[in-house]
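Just so you know, the sequences run in chain order A and B. Numbering-wise, the first sequence is residues 12 to 249 according to my numbering. Numbering-wise, the second sequence is residues 1368 to 1457 according to my numbering.
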Amino acid sequence: MAVYRIADINIKINCRGDYLKNLLKHYLCNCDDYDFEITITENDIQTERIIANGFSDEMYESSAVLRQISEKLLYEYDGILFHGAVIEYKSKAYLFCAPSGTGKTTHIMLWKNALKDKVTILNGDKPFVRMIDNVPIIYGSPWRGKENLGTNDFCKLDAIVFVNRSKRNFAKHLSSDESLFRLLSCTAYPKNAAGKLKTLEFLEKISAKIKFVDLFCNMDYNAYKTALDALTEGIYED
Amino acid sequence: MKIKDGFILRKFSDKIVAVADDDFADKSNIFIKMNSSAEFVWNFLSQDRTYEEVVDALLEKYDIDRKTAENDLDEFLSAVKNAGLLDEQS
Chain A
12 MAVYRIADIN IKINCRGDYL KNLLKHYLCN CDDYDFEITI TENDIQTERI
62 IANGFSDEMY ESSAVLRQIS EKLLYEYDGI LFHGAVIEYK SKAYLFCAPS
112 GTGKTTHIML WKNALKDKVT ILNGDKPFVR MIDNVPIIYG SPWRGKENLG
162 TNDFCKLDAI VFVNRSKRNF AKHLSSDESL FRLLSCTAYP KNAAGKLKTL
212 EFLEKISAKI KFVDLFCNMD YNAYKTALDA LTEGIYED
Chain B
1368 MKIKDGFILR KFSDKIVAVA DDDFADKSNI FIKMNSSAEF VWNFLSQDRT
1418 YEEVVDALLE KYDIDRKTAE NDLDEFLSAV KNAGLLDEQS
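In structure tokens, the structure reads:
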């Protein structure tokens, strides 16, 4: 069994399938110490099959591991799993959230194309956020989405941007309570009451530390400028 | 009318969020966001009350006129009815 370092936590994972092994390979750490251990059982696979039918057992193993890590993070490591694409620019991370198919990846590629090496794509699909010494830190994860975008790195989370498709590009800042329902829709939280309350507690903590932007945008170059202006309040240097 | 049982209230920022508890399984993903007067009505409606009783309670608690109280209450009732959380028969 190998130990992987994910979101600054050493996790011993007993991988059965090559699909999961391949996903995790960049997170392998050469150490024996670990914080907790995951072994996926046939029951876990069956649970995943009920949630989303029609995938291979190797995919279910991967989603079961992701589910167990995210629950452990929420209850014991002051963290949560987000569904979104996150970039790093000038030592600040911006997380773009929207329902699948809205164009998160297209949008972050506008940033990448415009700012080249000044922008790092931390993760294209499922980053983890943890509060470390009262600072929200966002981590890349092995689950990088269908475009396989990401890197094993972390950064201070500065803002969450909710992406909406629109003909015209514009953005507005949101308060944390205006953001709550949208935040919930892009986090993975347990369905029991204790899990939901824990999720609210965590979201309230990060909400006090980050900005929220509602971005209405098309797929043109100007969409990235609109987002950049809103995130930096117009103060930036190329 | 009364609010159905099975919710836990929790503060979030300057609002209150009602979270379905585990016994309210079919509504388990409902979250409702409220300001403080909505929270007051929510708690007041934990017991069976008439519309007039709620309006009177609002007038006693807050410095507002009857029209404002009724408008606020109508808005709140519409939200909880839409979420299927109001028991109008009790």
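Just so it is clear, CB atoms sit at the ideal spot from N, CA and C, and this is done for glycine as well. Computed from a predicted model, the values in this text were never measured in an experiment.
Two segments are said to touch when three or more pairs of C-beta atoms, one from each, lie closer than 8 Å; by this definition the segment 69-89 of chain A does not touch the segment 112-131 of chain A.
Boundaries for His-37/A: no alpha helix (DSSP H) harbours it, and the DSSP string shows neither H nor E there.
In the three-state scheme derived from DSSP, where H, G and I count as helix and E and B as strand, Asp-188/A is classed as helix. Contact annotation for Phe-1407/B against chain A: no contact, minimum CB-CB distance about 18 Å [criterion: below 7 Å]. The segment 78-88 of chain A makes contact with the segment 131-141 of chain A; the number of CB pairs closer than 8 Å reaches 3 or more.
Counting the other CB atoms within 10 Å of its CB gives Phe-213/A a total of 16 or more, which places it among the buried residues.
A buried status is given to His-118/A, since no fewer than 16 other beta-carbon atoms sit within 10 Å of its beta-carbon. Secondary structure note for Gly-1373/B: it is in no beta strand (DSSP E), with a DSSP letter that is neither H nor E. In this structure, Glu-72/A is the residue among Asn-41/A, Phe-165/A, Cys-42/A and Glu-72/A with its C-alpha nearest to the C-alpha of Lys-32/A. Within 8 Å of the CB of Lys-1400/B, the CB atoms of chain A belong to Asp-188, Leu-191 and Phe-192, in sequence order along the chain.
According to the DSSP secondary-structure assignment, Val-1422/B is paired through a beta bridge with no residue. Excluding residues up to 5 positions away in sequence, Ala-1387, Asp-1388, Asp-1390 and Phe-1391 lie with their Cβ nearer than 7 Å to the Cβ of Gly-1373/B in the same chain. At a cut-off of 8 Å between beta carbons, Leu-92/A makes no contact with chain B. At a cut-off of 8 Å, the C-beta of Lys-207/A has a neighbouring C-beta in chain B. Per DSSP, the unbroken beta strand (DSSP E) holding Asp-225/A starts and ends at 222-228. Rounded to the nearest angstrom, the Cβ distance from Leu-191/A to Phe-1379/B is 6 Å, consistent with a contact under 8 Å.
Sequence-ordered contacts of the segment 204-238 of chain A with chain B read Ala-204, Lys-207, Leu-208, Leu-211, Glu-215 and Ser-218 [C-beta pairs closer than 7 Å]. Listed along chain B is no residue with a C-beta nearer than 7 Å to that of Leu-31/A; the closest approach is about 28 Å.
Residues of the segment 167-185 of chain A with a C-beta atom less than 7 Å from some C-beta of chain B do not occur.
If only uninterrupted beta strand (DSSP E) runs of at least 3 residues are considered, those enclosed by the segment 146-217 of chain A are 146-150, 165-176 and 181-185.
Taking the Cα positions, Lys-103/A is about 22 Å away from Tyr-38/A. DSSP places Phe-1407/B in the helix class (H, G or I) of the three-state scheme.
Taking C-alpha positions only, Ile-56/A is separated from Ala-182/A by approximately 42 Å.
With a cutoff of 8 Å on beta-carbon distance, Ile-98/A and Leu-133/A are scored as near each other.
Around Leu-195/A, the beta-carbon contacts reaching into chain B at under 8 Å are Phe-1398. Under DSSP, Val-97/A forms a beta bridge with Leu-106/A and Asn-134/A.
Rounded to the nearest whole angstrom, the C-alpha separation of Asn-159/A and Gly-135/A is 7 Å. Here DSSP, grouped into helix, strand and coil, assigns Thr-237/A to helix.
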